[in-house]
Amino acid sequence: MSEHIVSKKTYYTIFFALLVGTALTVAAAFVNLHNFNIVVALLIAAVKATLVILFFMHIKYSTRLTKLWVAVGFIWLFIMLSITLTDYLSRAWLVYKP
Amino acid sequence: MSLIAVDPIEMGAPQVDGEPLSYLNDGHGLRSWLLTKDHKRIAILYLITVSTFFVIGGIFALLVRINLLSPNGVFDADTYNRLFTAHGIVMVFFFLVPAVPAILGNFLLPIMIGAKDLAFPKINLLSWYMYMLGATFGLIAIIAGGVDTGWTFYTPYSTSYSNSNVLLAGIGIFIVGFSSILTGLNFIVTTHTMRAPGMTWFRLPLFVWGQYATALVIMLATPVLAITVSLMALERIAHVGIFDPAMGGDPVLFQHMFWFYSHPAVYIMVLPAMGVVSELIANMSRKNVFGYKFVAMSSLAIAVFGFLVWGHHLFVSTQSVYLGLIFSFLSYAVAIPSAIKVFNWTATLYKGSISYDTPMLYGLGFIGLFLIGGMTGLYVAALGIDVHVTDTYFVIAHFHYVMVGGSLMGFLGGMHLWWGKMTGRQYPEYWARAAMVIQFVGFNLTFFPQFILGYLGMPRRYAAYPPEFQVLHVLSTAGASILGIGMLITIVYFIWSLKNGKRAPANPWGASGLEWRTSSPPPTENFYETPIVTWEAYEFAPIESMQVLGYPGDSSRSTQPVPKEHGTED
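What follows is the structure, given as structure tokens:
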């Protein structure tokens, strides 16, 4: 298997982008967006995680099979979270009338 | 059909003490075993350790059954809690999960696809050391006084109230989880990248499909177990409010996460055993498995659907009723691929040349017992009936029919089919058949009364019970003793056969598959020359031509060397 060589420049750029993301997260925490604070924090975190997976974990340069596996992992995580949250969403729908 | 020569001495293989060089005598001493990278030797290491845990778990099971002989019990309630928890943890995490993949899968998967080893031999050895480390933590937890939460570790009991060794056992399970992840990773990469020339996906033996589907489940589910156990530890040590309502958590969240692993874990235990049963049925009835592609795909279907049903463990745990409806429906859906397998195995028998040697007895035992286990699964998947039988002996009986009647039958059947291949010696056929029948009778006597007990309202995990349940409990304990004796016979003759068994020929069963085209036991590199596969899975020579070739064709065949020409048609 041929290993893709990633240049140092790419690593430093990604590292810098991650630092910016961290700074943004901290800054956003001081702005009161009500319910949207958590949304913004999670969005930044998701972008940072994507950068780490694509570049630091070399997925961008991997085979399609490896990419498929990464996708499957996230789909499964999504299944767990969404169905579990469906429970919390619909638990109160059934109103008991004594 | 090309043939790989199976007589190593004729092939000019080097000899050690008058015997052909095989993986067993290629290097001696403890060091050559503990630092081995040979998948076959690692399988033997797993066999020794996992079997030891099976015996330990079995002893706990007998102690539980002894306690239930009388309505007031022998042990006090706290000791009883620790006994059944130890039985559950040892059997689930240290026996059933690794049993078929780590022993039979490790040994056979590379040989079946014509490879020299797994893709990552060192990671394979690491997985055994992870297992040993995790198992050590588990053992320390038990010796230091045990755990009293049940194997499910339900919160808030396990986080806020239990004073037993929850953390130690949790660490053990966390580490053992990584051992299975490493094995799963190895299987997936090996199946994708190391198949011999001509070994296409649909020429793979169904055992390999079963292992592959299991590896998918292991990779996707086991990390969640690690997360769940870590969160439990975090709440127990640092009082972070995740599961405790007093700190803003939700105990049902634990059940969601725990069963997101533990329900697929049921399939980690039973899918590889189903792969074994496909081999047993095909080879012992000398026919291609009916609907090969359906059986292969049903393994994947079970792996995928198995992830979408965890909520059927939460029907009475304040889970939303609407979600319960969906989970109930999806649980029914899993019955379809399972039923495809059972029907196709049965159809394979039709007009086959059926042999009733021990592996086939286990295969048939699996079909019958798994049928009962699976069908009662539909009872407990129904929302209404489940309210009545939740946490009763009905559930205990149901999953023991699946786990013991399914996984254990498959595991033992596979051990008998491949024992000669693994050790170079055959087990004694008469004793093996007797032991299988004893186990079958003992098993049904143990667990069938528990269906009735549960339906009548006997709750699980209780140390004492009303006197009217005693008759059924005594029957169950009697059955457990018979089952124990059956297991003991098997262990004794397996060990006995290592020195005294008849030498196994390369192909004692006239079976199909690459593992039968190398010597018993195989050489370290598995084959003397890389096999080139030009035939479909489960191609059998007609039995008539086998007899012309001097093939005995009856049960005595297991002791006869198979003529070298076997399998050739050119």
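So the protein sequences, as listed, match chains G and V. The first sequence begins at 12 in our numbering and counts up one residue at a time. The second sequence begins at 629 in our numbering and counts up one residue at a time. Think of the CB as a built atom: it goes at the ideal place given N, C-alpha and C, for glycine as much as any other residue.
- Contact holds between the segment 905-915 of chain V and the segment 973-984 of chain V, because three or more Cβ pairs, one in each stretch, are under 8 Å apart.
- In the structure shown, Val702(V) adopts coil according to DSSP, grouped into three states.
- Between Gly838(V) and the set Ser927(V), Asp1019(V) and Ser679(V), the nearest pair of CA atoms involves Ser927(V).
- Taking 8 Å as the CB threshold, Ser93(G) stays off the interface with chain V.
- Under the 10 Å beta carbon count, His1101(V) is surrounded by 16 or more other beta carbons and is classified as buried.
- CA-CA distance, Thr1158(V) to His941(V), rounds to 48 Å.
- Excluding five sequence positions before and after Arg1089(V), the CB atoms of its chain that fall closer than 8 Å to its own CB belong to Asn709, Phe712, Gly778 and Asp1019, given in chain order.
- Exposed is the label assigned to Val1120(V), since fewer than 16 other Cβ atoms lie within 10 Å of its Cβ.
- The continuous alpha helix (DSSP H) containing Arg864(V) extends over residues Leu834 to Ala866.
- Within its own chain, the residues whose Cβ lies closer than 7 Å to the Cβ of Leu958(V), once the five positions on either side in sequence are excluded, are Phe933, Leu936 and Val937, listed in chain order.
- Among the bridge pairs identified by DSSP, Thr1020(V) is matched with Pro1087(V).
- Look at Leu813(V): its C-beta is not under 8 Å from any C-beta on chain G.
- Within the model, the alpha-carbon separation for Asn814(V) versus Leu746(V) is close to 6 Å.
- Against chain G, the CB of Leu862(V) has no partner CB under 8 Å away; the residue lies outside that interface.
- At least 8 Å separates the beta-carbon of Leu951(V) from that of Leu1011(V).
- Look at Arg1145(V) here: in three-state DSSP terms it is helix.
- When the Cα atoms are used, Val644(V) and Leu652(V) turn out to be separated by approximately 10 Å.
- With respect to Met988(V), Leu862(V) sits apart: the two C-beta atoms are not nearer than 8 Å.
- For the segment 875-889 of chain V, the beta-carbon criterion of a distance under 9 Å to any beta-carbon of chain G is satisfied by Asp878, Val880, Leu881, His884, Met885 and Phe888.
- About 19 Å separates the beta carbons of Val894(V) and Gln947(V), which is beyond the 8 Å limit, so they are not a contact pair.
- In the DSSP assignment, Ala60(G) falls within the alpha helix (DSSP H) that extends over Phe47 to Leu62.
- In the DSSP assignment, Glu647(V) is bridged to Val644(V).
- One alpha carbon belongs to Ala40(G), the other to Phe998(V), and they sit about 55 Å apart.
- Using a Cβ-Cβ cut-off of 8 Å, Arg102(G) counts as an interface residue toward chain V, since at least one Cβ of chain V sits closer than that to its own.
- The alpha-carbon of Glu1153(V) is positioned some 25 Å away from that of Glu1167(V).
- Using a C-beta cut-off of 8 Å, the segment 723-736 of chain V makes contact with the segment 660-677 of chain V, since at least three inter-stretch Cβ pairs fall below that distance.
- At a cut-off of 8 Å, the C-beta of Phe1122(V) has no neighbouring C-beta in chain G.
- Contact of Phe935(V) with chain G by beta-carbon distance below 8 Å involves Trp87 and Ile90.
- About 4 Å separates the CB atoms of Ala929(V) and Pro965(V); that is less than 8 Å, so the two are in contact.
- Of the residues Asp1014(V), Val898(V), Tyr990(V) and Ala975(V), the one whose Cα lies closest to the Cα of Val944(V) is Asp1014(V).
- Annotated three-state conformation of Arg1131(V) is strand, per DSSP.
- Around Thr97(G), the beta-carbon contacts reaching into chain V at under 9 Å are Ser948, Tyr950, Leu951 and Ile954.
- Under the 8 Å criterion on CB atoms, Leu105(G) is classed as interfacial with respect to chain V.
- Inter-residue distance for Thr821(V) and Thr828(V) is about 11 Å (C-alpha atoms, whole angstroms).
- Under the 10 Å beta carbon count, Asn734(V) is surrounded by 16 or more other beta carbons and is classified as buried.
- Rounded to whole angstroms, the separation of the alpha carbons of Leu992(V) and Pro1056(V) is 20 Å.
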